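Participant: Questions regarding the structure given below will be posed in turn.
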Amino acid sequence: MRKPSSCSEGKIIEKQVKMMNEKHSDMNLSSSLEENINIFKTLFTDDDTIVTRHIQNSHDPDLDFFIFYCDGLVNSIVINENIIKPLILTKSLKKDELIIDTLLHQVLLVNEIEKTNSIQKIIESVTYGDTILMTEGSAEALILNTKSFELRAISEPNTEKALSGPREGFCEALLINLSLIRRKLRTNELKMKFYNIGRKTHTQLGICYIESIVNKKILAELYKRLDKIDIDGILDANYITELVRDSALSPFRTTGYTERPDVVVGKLLEGRIAIFVDGTPVVLTIPYLFIENFQSNEDYYLNYYYTSFSRMLRILAFFLTITVPAFYIAILAFHREMLPTPLLINIAQERHIVPLPATLEAFTMLLVFEILRETGIRMPSNVGQALSIVGALVIGQAAVEAKLVASAMIIVVATTAITSLLVPKLNSPILFIRIFLLAISSMFGIFGFMLGLGILMTHILNLHSFGISQITPTGKLQYQEVKDIFIRAPWWQMRERPRLITKNNTRMK
Amino acid sequence: MLSKPKKTISLILLFITLCLLLCGCWNYRQLNEISIVMGMAIDKDSNDNYILTFEIMDLSKPSTNSGTKSLFIESSGKTIFEAFRNSKAKVADKLYIGNMEILIISNKIAAEDGILSILDLFLRDGEPRETLKIAISQEKTAKEILQTKGISNGIASMDLKEIIETNQKTISSSIDIEIYKVYSHIKSEGLSLVLPAIHCVKNTDTGIESQEKIAEVNGVAVFKDDKLVGYLSPEETFYYLFIVDKIKGGVLTLGLNGCPKPNISFEISRSNTKRTHINERNKIKIKLKITTYVYINELTTDSDISTPEGIKKIQAEAEKALAKDIKNTVKSVQLRFNSDIFGFGNIIYKKDYKLWQKINQNWDDMFGEIEIETETKIHVKNTSFIKNSQ
Numbered sequence: 001m002r003k004p005s006s007c008s009e010g011k012i013i014e015k016q017v018k019m020m021n022e023k024h025s026d027m028n029l030s031s032s033l034e035e036n037i038n039i040f041k042t043l044f045t046d047d048d049t050i051v052t053r054h055i056q057n058s059h060d061p062d063l064d065f066f067i068f069y070c071d072g073l074v075n076s077i078v079i080n081e082n083i084i085k086p087l088i089l090t091k092s093l094k095k096d097e098l099i100i101d102t103l104l105h106q107v108l109l110v111n112e113i114e115k116t117n118s119i120q121k122i123i124e125s126v127t128y129g130d131t132i133l134m135t136e137g138s139a140e141a142l143i144l145n146t147k148s149f150e151l152r153a154i155s156e157p158n159t160e161k162a163l164s165g166p167r168e169g170f171c172e173a174l175l176i177n178l179s180l181i182r183r184k185l186r187t188n189e190l191k192m193k194f195y196n197i198g199r200k201t202h203t204q205l206g207i208c209y210i211e212s213i214v215n216k217k218i219l220a221e222l223y224k225r226l227d228k229i230d231i232d233g234i235l236d237a238n239y240i241t242e243l244v245r246d247s248a249l250s251p252f253r254t255t256g257y258t259e260r261p262d263v264v265v266g267k268l269l270e271g272r273i274a275i276f277v278d279g280t281p282v283v284l285t286i287p288y289l290f291i292e293n294f295q296s297n298e299d300y301y302l303n304y305y306y307t308s309f310s311r312m313l314r315i316l317a318f319f320l321t322i323t324v325p326a327f328y329i330a331i332l333a334f335h336r337e338m339l340p341t342p343l344l345i346n347i348a349q350e351r352h353i354v355p356l357p358a359t360l361e362a363f364t365m366l367l368v369f370e371i372l373r374e375t376g377i378r379m380p381s382n383v384g385q386a387l388s389i390v391g392a393l394v395i396g397q398a399a400v401e402a403k404l405v406a407s408a409m410i411i412v413v414a415t416t417a418i419t420s421l422l423v424p425k426l427n428s429p430i431l432f433i434r435i436f437l438l439a440i441s442s443m444f445g446i447f448g449f450m451l452g453l454g455i456l457m458t459h460i461l462n463l464h465s466f467g468i469s470q471i472t473p474t475g476k477l478q479y480q481e482v483k484d485i486f487i488r489a490p491w492w493q494m495r496e497r498p499r500l501i502t503k504n505n506t507r508m509k
Numbered sequence: 001m002l003s004k005p006k007k008t009i010s011l012i013l014l015f016i017t018l019c020l021l022l023c024g025c026w027n028y029r030q031l032n033e034i035s036i037v038m039g040m041a042i043d044k045d046s047n048d049n050y051i052l053t054f055e056i057m058d059l060s061k062p063s064t065n066s067g068t069k070s071l072f073i074e075s076s077g078k079t080i081f082e083a084f085r086n087s088k089a090k091v092a093d094k095l096y097i098g099n100m101e102i103l104i105i106s107n108k109i110a111a112e113d114g115i116l117s118i119l120d121l122f123l124r125d126g127e128p129r130e131t132l133k134i135a136i137s138q139e140k141t142a143k144e145i146l147q148t149k150g151i152s153n154g155i156a157s158m159d160l161k162e163i164i165e166t167n168q169k170t171i172s173s174s175i176d177i178e179i180y181k182v183y184s185h186i187k188s189e190g191l192s193l194v195l196p197a198i199h200c201v202k203n204t205d206t207g208i209e210s211q212e213k214i215a216e217v218n219g220v221a222v223f224k225d226d227k228l229v230g231y232l233s234p235e236e237t238f239y240y241l242f243i244v245d246k247i248k249g250g251v252l253t254l255g256l257n258g259c260p261k262p263n264i265s266f267e268i269s270r271s272n273t274k275r276t277h278i279n280e281r282n283k284i285k286i287k288l289k290i291t292t293y294v295y296i297n298e299l300t301t302d303s304d305i306s307t308p309e310g311i312k313k314i315q316a317e318a319e320k321a322l323a324k325d326i327k328n329t330v331k332s333v334q335l336r337f338n339s340d341i342f343g344f345g346n347i348i349y350k351k352d353y354k355l356w357q358k359i360n361q362n363w364d365d366m367f368g369e370i371e372i373e374t375e376t377k378i379h380v381k382n383t384s385f386i387k388n389s390q
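Sequence lines, in order, name chains C and F.
Our numbering numbers the first residue of the first sequence as 1 and each following residue consecutively.
Our numbering numbers the first residue of the second sequence as 1 and each following residue consecutively.
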């Protein structure tokens, strides 16, 4: 806006800006237009994307308007046709104290207008694509909705591909995301509350729930936790997750996340609360039950025999991926007599020529696998082919042929790797538990293995999400509850919502 | 009360200490530090030293080319355990007997010292399994049996174990018994032990004159208390298994129409023996009620099997023959060994303890004269595909 022309002037401005930056949060507009213009010019020094414009009414040149907006975020047609044009052409505008109301109600052709005197509010709006209109003699400005910016199209999320069911996914704009939900839930009971977080980013959160189903206690707890957040920026939903979650040090998730509107609606209907974060397609759902790690939206769209089987498969995969290396080492190093003789001989022959001890071998191979996996995620997709060849050939075949690794270990690591892909939501706990179990089993054998599982179980049973226990203690198990856990019962059977989450649990009468 | 961090630390310490103390017998040992023993033979030399022969797996060659091979290690010592440990002077790796399949005991030890002296180590030690098979060598030494060639997979121990295991289901010429049962047999009231007996035969199948020997299961070895007293032939063993209700399969042959040469073969499908004792006027009798279901698998005489009457005739003849053979077997055991391998005493012990207390002391004498009553019932279940080929 204004170039610092000389050294001394620059210093003064610097001082002013600093003062402004510290103060503006509780500063209000004055009634002098010139003063107001100066405030914003100072605040937006060195920001060339801010466009300003003086306008005079053609019938009464004394009527002076000042508009400014941020280039690139606005729709110029709206500004030209609906703001500047009426301001210039309208007759019978009078310069009095009510002019701002007259403009609001009679002149401007903009759908959404807000009146404010807070400088802070104006800064937030102008950086979000709104146009600000100020006029002489009024200590209030109008925020005019002229937002229009480039967005990614709605597409199927890459991380949650489904064979059947809706294919749309969230994008980065909060309002579009909310519209996707609204379209599926056409009831006044669907509430969508905005919440602002981030001292610098002023990220908007959308908190969605269905009034009659939601557990009010959980909602209150969520607001309590959100109120405590004091951070400069929120770029993704995970910021919120980590700031509001229970069991802060646990590797397990305590909030659900998804990029699919259908999933969010499904969770809302079960009485959960969804947290939308502007700027990210990831939506959080709370509270989170442990079994949600194994549930997938497709479970509800495909035949229930098939999905019940695949859900059990996922639970089995979780169990296998954390236990297979540990169990293998425990058996091999401590309890050989558990192996049938021919198998023992086979493995012994393999092991006979391998230099590394089995434990070290297991750790190394798991590490190699993790490196490969991480590489696969980080690298550009067009070198993926090369990686899989190197991975499969070098690590697998060549290592066995060079007698560096026993082929049984390759099978163990491969099983571990493949099964871990079946439960993507448990990626991070799997990594830790696997290594933990492996370490404890290589020290204490099956005894250590069982202890490790015991510790794991205790931890999982202790997990909470917003005051809700993630796993039902078996003593309280109810028939209805089981229907969506290990199996997915047919829809005509699932008459109740999860008892843990909501008290209003009649889904079907 | 301890403070929270102190409590956590002491819990972790307690946990680790318990881990170390409460886990019983375990040890971290790499698979390439052990030699897997597949079978073991126990002999005694002239100086009364035990000689152990181990068949261990040859792990030096990868399994991809040809089958696995075994090696033999011998070691001696004044006790079995000492002999076992002495092997360490010859082998780099520890001999690991957790997956040992079979233990072969020389008949000399079994007859002179009894097998309890050998069993002790295997029951006491943590490593050998309780399901280990035991056999008695009919050759001069037990070693010879172990060093024969295994036909099926090159390892004599594995072959022998499988031969013994499947025997009762296919030909019933021997018995399948595990080490833990051996001990309880010896200690049971009114029950004597039998173990599979194995001898060597020349393998004539190779065409050229061969010195190669293979082991063959050859009936059972009969014990009195824990000492070997003799053997039953495979045929006698077959009827022995009928008496003790352990028959699960096998072939029953019979000479129909008074022919001395067997001309019909029955395959036993299942069989059940009910054993009771009858105490009449202070005379104890054992009653065996045998019900056997068979298939006719071979018939080389002209006999009517297409009518119920014809089948009934065959059944009656088979029943008579079986009853006779069973009686002969009992008689033979009574005369030759006077050892209650049938467990007749055990029947009384279980069903009529008061009577057993009275006769317990002179059961050995009574067994020699005890009479048996047999009631055999044979049901032909089917006659396979053809009616009559003659």
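Cβ coordinates follow ideal geometry from the N, Cα and C atoms, glycine included.
All values derive from a computational prediction rather than experimental measurement.
Determine the burial state of F:L241: buried for a count of at least 16 other Cβ atoms within 10 Å of its Cβ, exposed for fewer.
Facilitator: Start at 1 with the first residue of the second sequence, and residue 241 of chain F comes out as number 241. Buried is the call here.
Participant: Are the C-beta atoms of C:F436 and some chain F residue less than 8 angstroms apart?
Facilitator: As a working note, residue 436 of chain C is residue 436 in the first sequence. No, no contact with chain F.
Participant: Express the C-alpha separation of C:I113 and C:T280 in angstroms, rounding to a whole number.
Facilitator: Residue numbering aside, residue 280 of chain C sits at position 280 when the first sequence is read from its first letter. Residue numbering aside, residue 113 of chain C sits at position 113 when the first sequence is read from its first letter. Between C:T280 and C:I113, the C-alpha separation is close to 26 angstroms.
Participant: Is any beta-carbon of chain F found at less than 8 angstroms from that of C:L456?
Facilitator: As a working mapping, residue 456 of chain C is identified with position 456 in the first sequence. Taking Cβ atoms only, chain F never reaches closer than 8 angstroms to C:L456, which makes this a no.
Participant: Going by C-alpha to C-alpha distance, which of F:I151, F:S269, F:S384 and F:I198 sits closest to F:T204?
Facilitator: Here residue 204 of chain F corresponds to residue number 204 of the second sequence, with the count starting at 1. Considering only alpha carbons, the answer is F:I151.
Participant: Would you decide whether F:D48 is buried or exposed? Buried here means 16 or more other CB atoms lie within 10 Å of its CB.
Facilitator: For the purposes of this step, residue 48 of chain F is taken as the residue at position 48 of the second sequence. Exposed is the call here.
Participant: Check the Cβ-Cβ distances between F:Q357 and every residue of chain C, and say whether any is below 8 angstroms.
Facilitator: The residue labelled residue 357 of chain F in the question sits at position 357 within the second sequence. Chain C contact via Cβ: absent.
Participant: Suppose you measure from the CA of F:T253 to the CA of F:T68; what does that come to, to the nearest Å?
Facilitator: The count along the second sequence starts at 1 and reaches residue 253 of chain F at position 253. The count along the second sequence starts at 1 and reaches residue 68 of chain F at position 68. Cα-Cα distance, rounded: 39 angstroms.
Participant: In the DSSP output, what is C:H54 paired with across the bridge?
Facilitator: As a working note, residue 54 of chain C is residue 54 in the first sequence. For C:H54, which the question treats as bridged, DSSP gives the partners C:F66.
Participant: At a Cβ threshold of 8 angstroms, is C:L344 touching chain F?
Facilitator: The residue given as residue 344 of chain C occupies position 344 in the first sequence. C:L344 counts as touching chain F.
Participant: With 16 as the cutoff for other CB atoms within 10 Å, does C:M508 come out buried or exposed?
Facilitator: The residue you call residue 508 of chain C lines up with position 508 of the first sequence. Classification for C:M508: exposed.
Participant: Take the Cβ of C:R272 as the centre, count every other Cβ of all protein chains shown within 10 Å, and call the residue buried at 16 or more, exposed below.
Facilitator: Position 272 of the first sequence, counted from the start, is the residue given in the question as residue 272 of chain C. With 16 or more other Cβ atoms within 10 Å, it is buried.
Participant: Throw me the rounded Cβ distance for the F:S332 and F:V229 pair, which I believe falls under 8 angstroms.
Facilitator: Here residue 332 of chain F corresponds to residue number 332 of the second sequence, with the count starting at 1. Here residue 229 of chain F corresponds to residue number 229 of the second sequence, with the count starting at 1. Actually they are not in contact, since the Cβ atoms of F:S332 and F:V229 sit about 13 angstroms apart, beyond 8 angstroms.
Participant: Report the CB separation of C:F194 from C:L180 in whole angstroms; it is logged as a contact under 8 angstroms.
Facilitator: Numbered from 1 along the first sequence, position 194 holds the residue referred to as residue 194 of chain C. Numbered from 1 along the first sequence, position 180 holds the residue referred to as residue 180 of chain C. Their Cβ separation, rounded to whole angstroms, is 17 angstroms, which puts C:F194 and C:L180 out of contact at 8 angstroms.
Participant: Would the beta-carbon of C:I122 fall within 8 angstroms of that of C:A141?
Facilitator: The residue labelled residue 122 of chain C in the question sits at position 122 within the first sequence. The residue labelled residue 141 of chain C in the question sits at position 141 within the first sequence. The answer is yes: Cβ separation under 8 angstroms.
Participant: For C:P4 and C:T52, what's the separation of their Cα atoms in angstroms?
Facilitator: Numbered from 1 along the first sequence, position 4 holds the residue referred to as residue 4 of chain C. Numbered from 1 along the first sequence, position 52 holds the residue referred to as residue 52 of chain C. Here the model assigns C:P4 a pLDDT of 46, short of 50, so the residue's position is not dependable, and the following value carries that caveat. One C-alpha to the other measures close to 18 angstroms.
Participant: Any beta carbon of chain F sitting closer than 8 angstroms to that of C:F44?
Facilitator: The residue labelled residue 44 of chain C in the question sits at position 44 within the first sequence. C:F44 does not count as touching chain F.
Participant: Along the chain, where does the alpha helix (DSSP H) that runs through C:G452 open and close?
Facilitator: The residue given as residue 452 of chain C occupies position 452 in the first sequence. Counting along the chain, the alpha helix (DSSP H) containing C:G452 begins and ends at N427 to N462.
Participant: Can you give me, in chain order, the residues of the region 281-300 of chain C that have a beta carbon less than 9 angstroms from any beta carbon in chain F?
Facilitator: none
Participant: DSSP three-state label for F:N27, please.
Facilitator: The residue given as residue 27 of chain F occupies position 27 in the second sequence. In the structure shown, F:N27 sits in coil (DSSP, three-state: anything other than H, G, I, E or B).
Participant: Pull up the DSSP beta-bridge partners for F:V380, would you.
Facilitator: Numbered from 1 along the second sequence, position 380 holds the residue referred to as residue 380 of chain F. F:V294, per the DSSP bridge assignment.
Participant: Does chain C have any CB closer than 8 angstroms to the CB of F:E178?
Facilitator: Your numbering for residue 178 of chain F matches position 178 in the second sequence. No, F:E178 lies away from the interface with chain C (no Cβ there is under 8 angstroms from its Cβ).
Participant: Below 7 angstroms on C-beta distance, what does F:T307 contact in chain C?
Facilitator: The residue you call residue 307 of chain F lines up with position 307 of the second sequence. Within chain C, no residue comes near F:T307; the closest Cβ sits about 50 angstroms away, beyond 7 angstroms.
Participant: State the beta-bridge partners of C:Q204 as determined by DSSP.
Facilitator: One-based indexing of the first sequence puts residue 204 of chain C at position 204. Answer by DSSP bridge pairing, in chain order: C:N196.
Participant: I need the boundaries of the alpha helix (DSSP H) containing C:I266, first residue and last residue.
Facilitator: Position 266 of the first sequence holds residue 266 of chain C. A small correction: the amino acid at residue 266 of chain C is Gly; Ile does not occupy that position in the sequence shown. Start and end: P261 to L269.
Participant: Classify F:T8 as buried or exposed, calling it buried when 16 or more other Cβ atoms lie within 10 Å of its own Cβ.
Facilitator: In the second sequence, counting from the first residue as 1, residue 8 of chain F sits at position 8. Exposed, since its Cβ has fewer than 16 Cβ neighbours within 10 Å.
Participant: Out of F:H379, F:I175 and F:E319, which has the shortest C-alpha to C-alpha gap to F:Y417?
Facilitator: Outside the shown range of chain F, which is 1 to 390, sits residue 417 of chain F, and nothing can be said about it.
Participant: List, in chain order, every chain C residue whose beta-carbon is nearer than 7 angstroms to that of F:R29.
Facilitator: Position 29 of the second sequence, counted from the first residue, corresponds to residue 29 of chain F. Simply A333.
Participant: Suppose the cutoff is 7 angstroms on Cβ atoms and the five residues either side in sequence are ignored; what does the same chain contact list for F:I115 look like?
Facilitator: As a first step, residue 115 of chain F is located in the second sequence; it is residue number 115 there, counting from the start. Cβ neighbours of F:I115 beyond the five flanking positions: I105 and D226.
Participant: Compute the distance between the beta-carbons of F:Y231 and F:D325, then report whether it is under 8 angstroms.
Facilitator: One-based indexing of the second sequence puts residue 231 of chain F at position 231. One-based indexing of the second sequence puts residue 325 of chain F at position 325. It is not a contact, given that the beta carbons lie outside the stated cut-off.
Participant: Determine the closest residue to F:E267 out of F:S76, F:L299, F:R275 and F:A89, with distance taken between C-alpha atoms.
Facilitator: Your numbering for residue 267 of chain F matches position 267 in the second sequence. Checking every option, the nearest Cα to that of F:E267 belongs to F:L299.
Participant: Given a cut-off of 8 angstroms on the beta-carbon distance, is the pair F:A156 and F:G39 in contact?
Facilitator: Numbered from 1 along the second sequence, position 156 holds the residue referred to as residue 156 of chain F. Numbered from 1 along the second sequence, position 39 holds the residue referred to as residue 39 of chain F. Closer than 8 angstroms, so yes.
Participant: Starting from C:M352, follow the beta strand (DSSP E) in both directions and report where the run begins and ends.
Facilitator: Against the first sequence, residue 352 of chain C aligns to sequence position 352. Sequence check: residue 352 of chain C is His here, not Met. Taken as a continuous stretch (DSSP letters only), C:H352 belongs to no beta strand (DSSP E), being part of the alpha helix (DSSP H) at T341 to H352.
Participant: So is the beta-carbon of F:V194 under 7 angstroms away from any non-hydrogen atom of the ligand GTP?
Facilitator: For the structure depicted, the ligand GTP is absent and the ligand set is empty, with no information on it obtainable.
Participant: Who are the near neighbours of C:S76 in its chain, counting only those whose CB is closer than 8 angstroms to its CB and skipping five residues on each side?
Facilitator: On the first sequence, residue 76 of chain C is found 76 positions in, with the first residue counted as 1. Correct list: empty, nothing qualifies.
Participant: Considering only the alpha carbon of each residue, which of F:I386, F:S117 and F:K351 lies closest to F:G190?
Facilitator: Here the question's residue 190 of chain F lines up with position 190 in the second sequence. The option with the nearest alpha carbon to F:G190 is F:K351.
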